[in-house]
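Number of protein chains: 2
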Amino acid sequence: MPDDSAPLLPDDTGAPPGCGPLGAPGAAAARTIRAQVFDRIRAMGRASRIDLAKDLSVSPASVTSAVADLAAHGLVAEYPLPRAPGDPARGRPPVALGVRPEAGAVAGIKLSDTVHSAVILDFAGQRLAEATLPSGALRQDTGALVAAAALVLDAARAGLPPGSPALRAVGVGLPGLVDHATGHVPWSPILADRDVDLRAALAARLGLPVALDNDANLVTLAELWFGAGRHLPDFAVLTIEYGVGMGLVIDNRLYRGAQGLGTEIGHTKVQLDGALCRCGRRGCLEAYVADYALVREATTALNWGNRGVASPTVLLESLYDHAKAGNAAARAIFRRAGRYLAVGLANVANLFDPSLILLSGERMRYDYLYAEEVLAEMATLLLDTGRPPPRVEIRAWGDLVWAQGAAALALDLATATALTAEA
Amino acid sequence: MPDDSAPLLPDDTGAPPGCGPLGAPGAAAARTIRAQVFDRIRAMGRASRIDLAKDLSVSPASVTSAVADLAAHGLVAEYPLPRAPGDPARGRPPVALGVRPEAGAVAGIKLSDTVHSAVILDFAGQRLAEATLPSGALRQDTGALVAAAALVLDAARAGLPPGSPALRAVGVGLPGLVDHATGHVPWSPILADRDVDLRAALAARLGLPVALDNDANLVTLAELWFGAGRHLPDFAVLTIEYGVGMGLVIDNRLYRGAQGLGTEIGHTKVQLDGALCRCGRRGCLEAYVADYALVREATTALNWGNRGVASPTVLLESLYDHAKAGNAAARAIFRRAGRYLAVGLANVANLFDPSLILLSGERMRYDYLYAEEVLAEMATLLLDTGRPPPRVEIRAWGDLVWAQGAAALALDLATATALTAEA
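Respectively, the protein sequence lines represent chains A and B.
Numbering that gives the first Met the number 0 puts the first residue of the first sequence at 0, with every later residue one more than the last.
Numbering that gives the first Met the number 0 puts the first residue of the second sequence at 0, with every later residue one more than the last.
(1) From the DSSP output, in three-state form, read off H72/A for me.
(2) Is the Cβ-Cβ distance between L217/B and A409/B less than 8 angstroms?
(3) Is A165/B helix, strand or coil when you go by DSSP?
(4) For T267/A, does the three-state DSSP call read helix, strand or coil?
(5) Over the uninterrupted alpha helix (DSSP H) stretch that includes V145/B, give me the two end residues.
(6) If contact is defined by three or more beta carbon pairs under 8 angstroms, each pair taking one atom from either stretch, is the stretch 75-84 of chain B in contact with the stretch 135-146 of chain B?
(7) Rounding to the nearest angstrom, what Cα-Cα distance links C278/A and L137/B in this structure?
(8) Distance check for D54/B and A65/B, CA to CA, integer angstroms please.
(9) Can you give me the Cβ contacts of L150/A inside the same chain, cut-off strictly under 7 angstroms, excluding the 5 residues immediately before and after it?
(10) Between the C-alpha atoms of V391/B and T219/A, what's the straight-line distance to the nearest angstrom?
(11) Determine the burial state of G256/B: buried for a count of at least 16 other Cβ atoms within 10 Å of its Cβ, exposed for fewer.
(12) Return helix, strand or coil for R41/B, following the three-state DSSP convention.
(13) I'd like to know whether the C-beta atoms of L74/A and I108/A end up nearer to each other than 8 angstroms.
(14) Name the DSSP beta bridge partners of W186/A, please?
(15) Note down, in chain order, every chain B residue with its Cβ under 7 angstroms from the Cβ of T267/A.
(16) Answer yes or no: do A336/A and L293/A have a C-beta to C-beta separation smaller than 8 angstroms?
(17) Give a yes or no on whether 8 angstroms exceeds the smallest Cβ distance from W186/B to chain A.
(18) Applying the 10 Å Cβ sphere with the 16-neighbour rule, what's the burial state of H321/A?
(19) Return the CA-CA distance between Q403/B and G265/B, expressed in angstroms with no decimal places.
(20) Find the residues of chain B that neighbour I264/A, judging by a C-beta separation of less than 7 angstroms, and give them in chain order.
(21) Which value, in whole angstroms, describes the spacing of the CA atoms of C283/A and L275/A?
(22) For N213/A, does the three-state DSSP call read helix, strand or coil?
(23) Where does H321/B fall in DSSP's three states?
(24) Which same chain residues, not among the five before or five after R330/B, have their C-beta less than 7 angstroms away from its C-beta?
(25) For the candidate residues G103/B, H230/B, N346/B, E129/B, whose alpha-carbon lies nearest to that of R39/B?
(26) At a CB-CB cut-off below 8 angstroms, which residues of chain A make contact with Y291/B?
(27) DSSP puts M245/A in a beta bridge; with which residues?
(28) Could you tell me if N346/B is buried or exposed, where buried requires 16 or more neighbouring beta carbons within 10 angstroms of its beta carbon?
(29) T384/B to A52/A, Cα distance in whole Å?
(30) Do D170/B and A415/B have their CB atoms nearer than 8 angstroms?
(31) Using 8 angstroms for Cβ pairs, my map puts Y339/B next to Y291/B. What's the rounded Cβ distance?
(32) Taking all protein chains shown into account, do 16 or more other C-beta atoms lie within 10 angstroms of the C-beta of N213/B, making it buried, or fewer, making it exposed?
(33) Considering only C-alpha positions, which residue in the set A70/A, G85/A, T379/A is nearest to A95/A?
(34) At least one CB of chain B closer than 8 angstroms to the CB of D212/A: is that the case?
(35) Measure the beta-carbon distance from G175/B to W186/B and round it to whole angstroms, keeping in mind my assumption that it falls under 8 angstroms.
(36) Check distances from the C-beta atoms of the stretch 128-146 of chain B to those of chain A and list, in chain order, the residues that come in under 8 angstroms.
Quick look at the structure:
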């Protein structure tokens, strides 16, 4: 049994495959390589020792040692590979390293203003169960939100196949200001309370280790671990939902900022003394682009007056139908939102010079917000650098993918916990 | 002689003391530690092997090996230290490692729209000579700009004390889009030509290796190597001159962006369809805050009509005098510029969550732009995170400090070249 009292993953800053902390040789480097090897195997699905050594720029001996360590902890094993076409069926059958799915399971929960979602994955990243429940109130107190998280997790658990591995950790994402390192939530639009130690409250209620993060960071982590991040060191993710969020990957790492609160693109000012934002300030990007900004103008455009309260989704869908049917006021709302989205995209491009900007969220929003003219407007707003503008792609993922990012966060926590406990 | 055909510094991305590239063990790591040790000694002035090992989190044996290597190349040596008060004057006198000033010299040149500046430093970072010359035209063709760079360098060289070490490399900074990696300048406000291979042109004219960078990056590198960066891993630098520039340090490294053009805060949009920017777009921050933005409104405020062309500096000083004397139009110009500066600061804070924002440039600009009310306005624009807003500090440095950043860039290049040549 290795003499190792430190966790497998030496930091919890969302380090992806191939990225350990800076220049740490000796014992620290050995742990880093082990963490890197585990992450890389998880990302690749199946990996050979030679490919791992090449990808991570470490010696084959280091990989062999790290793999032995991970195997001793039951985290990875060798699996047979299908022979390549034309490969003569003799000699030792090809094998590759993979994460052992039976080593454990993790859950990811996304809490939002409309629905709460949960997924359960095994350690190899395969989805075992999922659940989605309506969230009820737009804003809840801490106790109610924690109870709702427990409810959606129980609903997912009820769908687990027999013989599923035990749940080891839970990752939870929610909108607002979330301090991942401390598990505190200074402010969230779905929480009535401020400065909540939500991680502690969730861990106590669920009886499992909990990792907490801002929801836009979770989508970004999902991209970093399962999507674009497998090939790109630098990219930005914009999320448009009830609010506007952002995740930023720099040098293969999620950028968290000096105070751990990360990037808040939604509250950058695009107009001095502009539209009122739900943060209480004026002129925030969110106040022009997010659902609530469109909704508050919709009653005017649709001439609904005080016809009672419709859900934001119903209002937005009706507004979009009217815009398609030629209603000038409805069109003006989407047109302005689209222009401000272009401003937001151009500002991200001018500031971060990313190679890719991902627009993440529900399909519908991009049907009405995102169009060729938004991209064209972004191009006119960009500085003429002589280089192509960054690619902009839509990832119309549902809430379950956000929850999958939460599960990935839990996976980090669980594997660290597993190794610490068994060491 | 070590068998080492790779440069001392494995990357030229502005790695500061203590920060090598990610997870590179074996031979690559050995080079990284050597580069780290050299940078750290340079930053500390005098350093002990024990402090180096502690600061860099590497083993004392690694430090000893790196130091032996650097000493063999004539780059570092041991120097006596004064005994501490109360330290009994017996036993071996205390010594510390330092960079050998006689190992070589480097020059830094800052090219701008008003003056060109040059400094010459020895390898230990001590200033040996300097010169500043008026730049003549606002915008020049490549040949004229290269000639002007040679002229200011010659002027500085003329002031070198006898016996100064030989010049080994030159760092050059200029405003605009500068690709540090390739040495190309897609666009600069002081260059009439576009897409210029300026590094090659300068190297050919000066007969020395040249490193090229955006001027805001140079101030940031100066802070990273000689100033705030010695204690802070994350900070932002805003420069206000004829234009508005920005440098961003993340995890002790200058952020350069995916395409190498870095952060362009000056061209982020703060107003859709707003004021015309010299980049040709509308609503850029620069179009509200930079010298040229104030200057173009000054003739109206001062009722100068077509009284001929005054220099921007003369106009701004006159405008400031009128504002102090109570001229409402002049005050309105500074008031608006100050409010937009607050927007720029708030956007940087919301997006990067830095622990410190440095305002760098000439003193005068901050006398009229920067005031308690700008800071107060920034605070009202920030999201209420429950954390203190980032500190904002003024660094009213002259052009020579920008040139010092350029010299630091040259120092990296020169030490790399020295080791490669002698290996």
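Glycine is no exception: its CB is placed at the ideal position from the N, C-alpha and C atoms.
Short version:
(1) When secondary structure is reduced to three states using DSSP, H72/A falls in the coil class, being assigned neither helix nor strand.
(2) Between L217/B and A409/B, the CB-CB gap reaches or exceeds 8 angstroms.
(3) In this structure, A165/B counts as coil in the three-state DSSP scheme.
(4) Note: T267/A maps to coil in three-state DSSP.
(5) Following the DSSP letters along the chain, one finds V145/B inside the alpha helix (DSSP H) bounded by residues 141-156.
(6) With a cut-off of 8 angstroms on Cβ pairs, the stretch 135-146 of chain B is not in contact with the stretch 75-84 of chain B, counting fewer than three such pairs.
(7) A direct Cα-to-Cα measurement between C278/A and L137/B gives close to 44 angstroms.
(8) Straight-line spacing of the CA atoms in A65/B and D54/B works out to 15 angstroms.
(9) The beta carbon of L150/A sits closer than 7 angstroms to those of L132, all from its chain and outside the five residues before and after it, given in chain order.
(10) Cα to Cα, the separation comes out at about 30 angstroms.
(11) Around the beta carbon of G256/B, 16 or more other beta carbons lie within 10 angstroms, which makes this residue buried.
(12) Of the three classes helix, strand and coil, the one that applies to R41/B here is helix, per DSSP.
(13) No, Cβ-Cβ distance for L74/A and I108/A is not below 8 angstroms.
(14) Note: W186/A is bridge-paired with L176/A in the DSSP secondary-structure output.
(15) Within chain B, the residues near T267/A are N346, N349, L350.
(16) The answer is yes: Cβ separation under 8 angstroms.
(17) Look at W186/B: its C-beta is under 8 angstroms from a C-beta on chain A.
(18) So H321/A ends up on the buried side.
(19) Roughly 23 angstroms between the two C-alpha positions.
(20) The answer, in chain order, is L350.
(21) If I take the Cα positions, the gap works out to 8 angstroms.
(22) Here N213/A carries a strand assignment [DSSP, helix/strand/coil].
(23) Note: H321/B maps to helix in three-state DSSP.
(24) Answer for R330/B: A322, listed in chain order.
(25) For the residues G103/B, H230/B, N346/B, E129/B, the minimum Cα distance to R39/B belongs to H230/B.
(26) The premise fails here: Y291/B is roughly 16 angstroms from chain A at the closest Cβ pair, so nothing lies under 8 angstroms.
(27) Paired residues: L237/A.
(28) Burial call: buried.
(29) When rounded, the separation of the alpha-carbon atoms in T384/B and A52/A is 43 angstroms.
(30) Checking the sequence, you will find Gly at residue 170/B rather than Asp. Not a contact, by the Cβ cut-off of 8 angstroms.
(31) With a beta-carbon spacing of about 14 angstroms, Y339/B and Y291/B fall beyond the 8 angstroms limit used to define contacts.
(32) Looking at its Cβ environment, which holds 16 or more other Cβ atoms inside 10 Å, N213/B is buried.
(33) Comparing alpha carbon positions, the residue from A70/A, G85/A, T379/A closest to A95/A is A70/A.
(34) No, no contact with chain B.
(35) At roughly 5 angstroms, the Cβ-Cβ gap stays under 8 angstroms, so G175/B and W186/B are in contact.
(36) Cβ contacts with chain A: none found.
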